[in-house]
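Going by full-length UniProt numbering, the sequence shown opens with residue 26, and the numbers climb by one from there. We treat Cβ as the ideally placed atom computed from N, Cα and C, and that holds for glycine. Quantities reported herein were computed from a predicted structural model and do not represent experimental measurements.
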Amino acid sequence: QLLLDTLAQHSIIKDTRSLVIPGQTDPAESHEAQITILGALNSLHSREMISYETHEISSHVLTAEGAQIVLEGSHEARVWAALPAKGEGEPMGVQDLKKKIGDEAAKVGQGRAFKNGWIAKDGSGFVKNVSSIEDVTRLELREVDATGTLKAGEKSLAELRKRKLIVQRKGQWFTALKGPNFSTSIAKPETDLTVDMLTSGSWRNAAFKKYNFEADGIPTSGGAFHPLLKVREEIRNIFLEMGFEEMPTNTFVESGFWCFDALFVPQLHPARELQDTFYLSDPSTSLKPAEDYYKRVATVHEKGGHGSIGYRTPWSDEESHKLLLRTHTTASSAAMLYKLAAKCRDEIHQRENSVATETGTSTTAEGDGFRPAKLFSIDRVFRNETMDATHLAEFHQVEGVVADRNLTLADLIGFMRVFFKKMGITDVRFKPAYNPYTEPSLEIFAFHPMLQKWVEIGNSGMFRPEMLEPMGLPKDVRVHGWGISLERPTMIRYGINNIRTLVGHKTSIEGVENSPAVMF
Ligand code: PHE
């Protein structure tokens with residue numbers, strides 16, 4: 026308003042340093058006052074109410090030391106003043122001088138006073154050498170204090186700057202003129218063209234705010250990976266760098282056969298009951314698996330074989346054909362192992378044929394066609410759990426399976442140590458456990474650095490011959506496998522203690538967007 030009123034009166038403001046801003050305590054020509062004015066100039070300029078020009082100036086201000094010299098005199102002048110005149114009184118020693126005017130002033134001042142020829146040595150002390158002096162430093166600093174510069178010119182200014190008695194200050198002042206929209210009252214400009222303005226025609230006379238093309242835009246929010254996906258990717262990379270192949274796991278719905286029977290889980294096992302497994306009602310039954318394999322599985326359950334006495338309970342087709350939400354990805358592992366065995370069967374079959382037709386001189390494949398395999402998967406599984414802070418009705422299972430001839434339990438343990446180390450878990454322990462499909466079975470425990478105790482992180486074991494041999498895998502092929510959840514390491518890594526803040530409708534979008542990659 027001050028700018029507008031002054032312009033209304035004089036049409037031009039030649040030098041904004043002449044304006045006294047009401048209520049401003051800094052002097053009108055000060056840097057601070059000019060900054061305030063610049064803000065007002067910019068805002069009026071954006072409305073085209075005024076135009077202005079900027080003038081750069083450089084001025085100098087005193088440092089604290091410079092200001093002190095204006096008050097007390099330069100160090101050299103104070104040294105001179107403190108000393109007795111020649112022949113009048115005792116010459117003064119350095120210690121006394123320091124006591125009188127302070128260490129710093131005595132040290133710096135003494136050298137300069139000598140150089141100027143103001144003082145002289147007399148015995149072990151100093152005396153005045155001249156009867157009067159002109160304290161040039163103090164006079165120059167007074168001038169700088171009053172005018173911001175020195176008539177003597179840049180060389181003297183540079184000298185004072187070097188002595189750290191003054192510092193340069195860049196400053197600005199402005200010349201202001203009326204602009205095309207000049208008025209003494211600041212109308213709030215319109216920011217939007219509205220329907221009302223168009224229908225009433227008021228847009229013709231309205232003042233619109235100019236677009237600010239320099240303004241930063243609102244950052245767009247991009248997509249973000251969920252923490253589970255980030256950890257899944259890192260675990261996937263560990264498997265890949267260890268030479269594993271990813272299994273297809275798109276079969277969320279499985280049959281009782283693949284989820285349990287093929288794994289030699291007894292048909293009366295409690296895990297198969299309604300309170301643990303979700304069954305489908307429509308459709309409720311699966312297609313039949315390959316007849317011969319199905320028969321071999323039914324037989325090993327009912328009667329045994331492959332060194333086993335079986336469960337010796339009646340086999341139920343109905344139980345085997347039920348459709349359910351898979352309770353573990355080991356159902357997919359079983360299907361993959363069956364395929365692996367199918368390759369062996371094909372090869373053996375081919376060989377037998379060629380032996381028959383070529384009357385004894387076999388030229389085709391030797392052996393049983395088995396190829397070692399390292400397979401993994403990371404996908405969703407479903408269990409009818411009571412939900413709480415650490416349990417939902419679904420979670421992700423990380424599963425690894427290795428098939429090779431003559432593998433031992435030591436291979437499994439060694440493998441898991443390497444694998445978990447790559448995940449940053451160095452303290453692992455194994456405890457004997459029971460799984461219907463593995464023997465021996467091991468529970469995996471890891472030392473939790475935050476909880477300071479051992480927590481169970483997974484389950485593992487050597488798959489039973491009752492499971493592998495009906496598939497048609499050669500007798501010396503051993504398969505070991507293990508499974509962990511994806512959620513537990515994710516929660517540990519991100520310090521999350523309630524699974525419902527990680528999965529489900531209570532997940533914070535912001536938390537997801539801001540969660541960093543974990544980098545095992
Ligand atoms: N299927 C087991 C589980 O759900 C994990 C496992 C996989 C165990 C492979 C042994 C072998 O806990």
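Exercise for the section: Could you name each continuous alpha helix (DSSP H) segment of 4 residues or more that falls completely within the stretch 378 to 459, going from the start of the chain to the end? Expected result: 434 to 447
Exercise for the section: Evaluate Glu494 with the Cβ neighbour count: other Cβ atoms within 10 Å of its Cβ, from every protein chain shown; 16 or more gives buried, anything less gives exposed. Expected result: buried
Practice task
Could you check which residue in Gln34, His70, Ser36, Thr79 has the C-alpha nearest to that of Arg42?
Solution key: Thr79
Handout entry: Candidates Ser71, Lys39, Gly392: closest to Asn237 by CA position
Key = The shortest CA-to-CA distance from Asn237 to any of Ser71, Lys39, Gly392 is the one to Ser71.
Practice task
Could you say which of Asp217, Ser99, Trp507, Ile517 lies nearest to Thr415 if we only look at CA atoms?
Solution key: Ile517
Problem - Of the residues Leu288, Ala145, Arg103, the one placed nearest Gly134, counting alpha carbons only - result: With respect to the C-alpha of Gly134, the residue from Leu288, Ala145, Arg103 having the closest C-alpha is Arg103.
Handout entry: Asp121 at chain B interface by Cβ criterion, 8 Å
Key = Checking the listed chains, one finds no chain B in this structure; it contains a single protein chain.
Exercise for the section: Evaluate Glu165 with the Cβ neighbour count: other Cβ atoms within 10 Å of its Cβ, from every protein chain shown; 16 or more gives buried, anything less gives exposed. Expected result: With 16 or more other Cβ atoms within 10 Å, it is buried.
Handout entry: Alpha-carbon to alpha-carbon, Ile438 and Leu350
Key = 30 Å
Problem - Close Cβ partners of Ala390 (< 8 Å) along its chain, the five nearest in sequence each way excluded - result: Note that Ala390 scores a pLDDT of 44, beneath 50, so its modelled location is shaky and nothing firm can be said.
Problem - Pairwise C-alpha distance: Trp143 and Gln193 - result: Rounded to the nearest angstrom, the two C-alpha atoms are 30 Å apart.
Exercise for the section: With a 10 Å radius around its C-beta and 16 neighbouring C-beta atoms as the bar for buried, classify Lys531 as buried or exposed. Expected result: exposed
Practice task
May I have the straight-line CA-CA distance separating Glu179 from Glu97, to the nearest angstrom?
Solution key: 25 Å
Handout entry: Distance CB(Phe545)-CB(Met448) smaller than 8 Å
Key = Yes.
Practice task
Mark Pro474 as exposed unless 16 or more other C-beta atoms lie within 10 angstroms of its C-beta, in which case mark it buried.
Solution key: exposed
Practice task
State the Cα-Cα distance for the pair Leu66 and Leu175, rounded to the nearest angstrom.
Solution key: Their backbone Cα atoms lie some 31 Å apart in a straight line.
Exercise for the section: Check each candidate in Phe395, His294, Ser156, Phe151 and name the one with the smallest Cα separation from Ala367. Expected result: Phe395
Handout entry: Under 8 Å between C-beta atoms of Ala356 and Glu279
Key = Cβ distance < 8 Å, so Ala356 and Glu279 count as in contact.
Practice task
Please go through the same chain and pick out, in chain order, the residues whose beta-carbon is closer than 7 Å to the beta-carbon of Ala212, but skip the five residues on each side of it.
Solution key: Ala232
Handout entry: Residue nearest to Gly332 in terms of C-alpha spacing, selected from His100, Ile534, Lys125, Lys500
Key = It is Lys500.
Practice task
May I have the straight-line CA-CA distance separating Thr463 from Trp340, to the nearest angstrom?
Solution key: 21 Å
Exercise for the section: Below 8 Å CB to CB, which residues in the same chain sit around Lys234 once its five sequence neighbours on both sides are set aside? Expected result: Ser71, Arg72, Pro214, Glu215, Thr216
Practice task
Could you give the DSSP three-state label for Arg137: helix, strand or coil?
Solution key: helix
Handout entry: Close beta carbons around Ala315, own chain, < 6 Å, minus the five adjacent residues each side
Key = None.
Practice task
Could you tell me whether any non-hydrogen atom of the ligand PHE is closer than 7 Å to the CB of Ser402?
Solution key: no
Handout entry: alpha helix (DSSP H) segment containing residue 2, residue limits
Key = Since the displayed the chain opens at 26 and closes at 545, residue 2 lies outside it and no answer follows.
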